[in-house]
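Written below as structure tokens is the structure these notes are about.
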Amino acid sequence: MRYKYYIALLTFSIFSLGCLGSTGAGDSLLFGTAFQSTDNSCTSDVTVTYREISLLEDGDVTATFDQAQDKGIAETDVNGGTSWGYRSFETCIYPNVAFSGSIEFSLTSNDTYSGRINSTRSFPVAVNGEPLPTKLTFTDSGVAERQCFTFTRVDDGIRNTPESPLQITMGRITELDSEGDTNTSGSYHNRTPCSISVTMDDDEGPGIRVSNISNVMEEPGVATPNSGTFSVVLRTAPLADVVIPINDTADSVNAGNREGTTSPTSLTFTTGNWNVPQNVTVTSVDDLEVDGIKIYTIAVQNTSSSDSDYNGIDPRDVVVYNRDQSVPGYTYERFDASGGSTDSSGGTINGFATDEANQMGSNYANWKIRLRSKPSANVTLNFSTTCGSKCNLLTTSLTFTPSNWNSYQTVQVEGASDAGNSGNADYNVTFNAVSSDSTYNTSVTEPTFRVRSCDNDASNLIHPCNLSGNPLGTSGSRFSRSEGGTSEIWLIAQSAPGSDVTVNLSSSDAALGGTPNASATITSANYNTLLAGGSNRVIMSHANDDTVNSPTSRNWNVITATSSGGITHNPVEVYATTTDDEQWFYVNVSGSTSEDTVTTATISVCLGANNPTQPVTVNIACNGDECGSPSAPSITFPVGSQVSTANASNSGCPNDAKKQTFTVTGADDAFADGTQSFSLTLTKAATTDTNYSGAPNPSNPNVNNADNEPAGKAIFVTSMGTSGEMTAQGVQGADNLCNTNKPGYAPSGTYKALIVSNSSGEVNDRTTLADWPINSSYYYYLCTGSGSNCRDENKHMFQGSSFDPMNMLDHSSSAIYFPSGEYWTGMDTGLLPATQASTPGSGTCNDPATVYRHNCHGFTYETCPTAGAVDFYGQTWSVSGSSDPVSQERACTSSYNLICVQQ
């Protein structure tokens, strides 16, 4: 039998995926792909998140429902490394269409794989671990109402004959009204939810072991990864070569518009390499379509071999997850070849102009546009403007097809006269996309193209003009630049002059700015142009000085004089602002402090302006518990203390002869908090100095204070639960569980489990003397959440040199405890490896390969390898509320959490 994984991705806010007809390996839907079974008659109004599940006796991955994941599940590889398939899998059921009253339906099982698959309820929490019910009842719809089942493999250690899939069949729905009476007209009544099918691959005897894909991929682009791998290996030695074809187009999702390719396309195993995994690489292909995450199967096809045991085996297939990289939206290119793109959020695009005398035509108001992604149908763009009578729209519509979607088409607009003089103004060119492609029809916001209309009609024979996105040059929209900057605007004419026209230029305040070109010249060649370097430009040079000015932004104007030449010109003013680029104070921090309270940082302060009449005093104050004390309460600048021009910057201040300096020390605390920063408040004292009387305060400098306590390390506890069988790696397998289940609020780094095993080398050992996760040089603190819930200052537990779980104190000497729960530790509360009285002897577990057996045989087995009904036992600590841990033995088939320690 071919084994496949299937998924129904959850798209709750739009609709939920139920039982739709199969069209191959997957059906394309709005937010992903629903992998369907062959059951075409079930209702889509009840979501079954995974309907076909494949388990492996030697699987090493647990899958739990998680709607935030691309796959709809969170996967935990208990071994780390290659994921060789699922050992347990959770699937959930819930109605996805609103109803009133309640609905109920029966569940029946064909009970195959008896003793080999454990089927239990897993959600809601109140029913976790209970057997599957015979009936499900729902009183509301939506994912929050889900009821979930977990199917877990049992590795029985024997070779089994093939069995039919475990089938969980749902009966017809009975819909009840609020009074409990049958509602025969209800939308759910008499419909049938989809069934669940579970298969399991035996790990004894000849067979093919196929891993999961290594990761979710994404189409080629800036994101990674763009490829993934899966591994294939034989379970036993063959008598002859075994050839396994790999077919990446067997699934219709990947057969036409390709999502990915595989390499190699065939694997050969020999009598020499049968137990060496061979990798297949799946490389993502950009299909240029906006199609969400696509899910498809790579077919691992029937084997061929002259060894009859290995001929004709049909291995399980591999499910591939490929995220979409194609971004819907528009790409544009302006008349000057500059351009960009917009996405589904749209945007406003500037850099265009027309004139009301229409002398420029569309020279500065044309752009090219195309789609960013391939549509599923024709997309027509219908254009409109807000210009009134100031323009003529030359392009009213464009159509892009699935064939020409990435070829530019041109949009043009030209100016028109409104017979009035209202000044320059901006207008918008917008468009509406119409398509049966829902992405471009409704999901993508169209961008707006903004065009400046230059008012050179009616009595304005000559008028300033520039592109949209720039200031208008009016009193309400000035050209603002910092000292030393430049601005420009062009003078255009209503018609071509018969002879050159000269317009003299002057400044209203030369101290603030001037005109490097004393005049602008309009010719028959440039009267309708906005060219860089054109002689019809009005250039504004914003003056630069070496002093602090008050106010820091000062206004001035460029005045155009009466013209001489072929066109009479009415003088106009172009408005500008120059902003100061000097500062009243410059502040520099040199060095850092330490909690040793001796190491100092030096702060230098300089005056950016002159203080001609009075000294200037700056008061100093510490902020925060990391700041020790400054060397002086204030610093004073004598009259005439302005910094030199060469040192007029924060970095240059320490080099200036007129600087004032002070030092500061750090404060000591008892916490392992690493380097912390503190600030100093600098406040200008009142002064009557003519310049500094109204000056602002200096900026507050920040200083780094180095910690002098031992480094702090975090401790968190897991919440997923694990049996005492933590793979062949034993305690190191527990470490893997800590690292793969680290909560997001815990600090980054490597973690080890607080767990021991003393098998004398039979498996991986860990004791307080060997591979112990606690380091005597560190402080340790409990991490239960973000912020203050994960700091040594607030959650200190112990110093590594004095760890005693029965006597842990925080920094205020109050008792602190591990969170309530039960944890595999393998030791008593005295930190000694524990042995369990119930550990079976050779009489009940006749297996010479397992001698130690205590602590789940070093946390590698749940039960005796030769007698699956004989339990092994391990040691746990249980904590209840604010109490010290209690040590006891537990059956290794039970699930408990781990205490994880940052290294």
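Quick note on numbering: the sequence shown equals residues 357 to 1259 in my numbering.
We treat Cβ as the ideally placed atom computed from N, Cα and C, and that holds for glycine.
Being a predicted model, the structure only gives us computed values, none of them experimental.
By the CB criterion at 9 Å, residue 1214 and residue 1208 fall inside the cutoff. One thing to note: residue 547 has its Cβ within 9 Å of the Cβ of residue 401.
A direct Cα-to-Cα measurement between residue 811 and residue 844 gives close to 17 Å.
Annotation: residue 581 to residue 640 spans about 9 Å, alpha carbon to alpha carbon. Comparing alpha carbon positions, the residue from 977, 784, 714, 886 closest to residue 814 is 714. Straight-line spacing of the CA atoms in residue 742 and residue 936 works out to 38 Å. DSSP lists 411, 417 as the beta-bridge partner residues of residue 442.
Around the beta carbon of residue 764, fewer than 16 other beta carbons sit within 10 angstroms, so the residue counts as exposed.
By the neighbour-count definition (other C-beta atoms within 10 Å, threshold 16), residue 963 is a buried residue. Taking 9 Å as the cut-off, the Cβ atoms of residue 1259 and residue 1184 do not count as close.
Under a 10 Å Cβ-count criterion, residue 869 is classified as buried, with 16 or more other Cβ atoms of the shown protein chains found around its own Cβ. Bridge partners of residue 915 according to DSSP: 862, 929. Beta-bridge partners assigned by DSSP to residue 695: 689. In the DSSP assignment, residue 1167 is bridged to no other residue. Secondary structure note for residue 785: its beta strand (DSSP E) is the uninterrupted segment 781-791. Residues of the same chain with a CB within less than 6 Å of the CB of residue 781, apart from the 5 flanking positions on each side, are 809 in chain order. Within the stretch 985-1033, the complete beta strand (DSSP E) runs of at least 3 residues fall at 990-993, 1016-1022.
Residues of the same chain with a CB within less than 6 Å of the CB of residue 1136, apart from the 5 flanking positions on each side, are 1069, 1071, 1153, 1154 in chain order.
Each residue's CA atom was taken as its position, placing residue 717 and residue 771 some 6 Å apart.
When secondary structure is reduced to three states using DSSP, residue 1157 falls in the helix class. Among the bridge pairs identified by DSSP, residue 1252 is matched with 1078. Your pair residue 633 and residue 592 does not check out as a contact, with CB atoms roughly 15 Å apart and the cut at 8 Å. By the CB criterion at 9 Å, residue 1079 and residue 1178 fall outside the cutoff. Contact check for residue 610 against residue 652 passes: the beta carbons are separated by less than 9 Å. Among the bridge pairs identified by DSSP, residue 830 is matched with 833. Residue 805 is positioned such that its CB atom lies no closer than 9 Å to that of residue 738. Taking a cut-off of 8 Å on C-beta distances, the stretch 535-552 does not touch the stretch 482-489, as fewer than three cross pairs fall below it. When C-alpha distances from residue 1191 are compared across 1206, 1114, 1222, 1167, the shortest belongs to 1114. Residue environment: residue 1021 is assigned as buried (16 or more neighbouring CB atoms within 10 Å of its CB, all protein chains considered). The DSSP-derived three-state label of residue 746 is coil.
Just so you know, the alpha carbons of residue 508 and residue 443 end up roughly 6 Å apart.
At the C-beta level, residue 949 and residue 984 come within 9 Å of one another.
Linking residue 1056 to residue 960 through their CA atoms gives a straight-line distance of about 12 Å. With respect to the 9 Å criterion, residue 1148 and residue 1027 are classified as neighbours on the basis of their beta carbons. Annotation for residue 1215: the continuous alpha helix (DSSP H) segment containing it runs 1210-1215. Comparing C-alpha distances from residue 940 to each of 997, 958, 929, 989 shows the shortest one belongs to 997.
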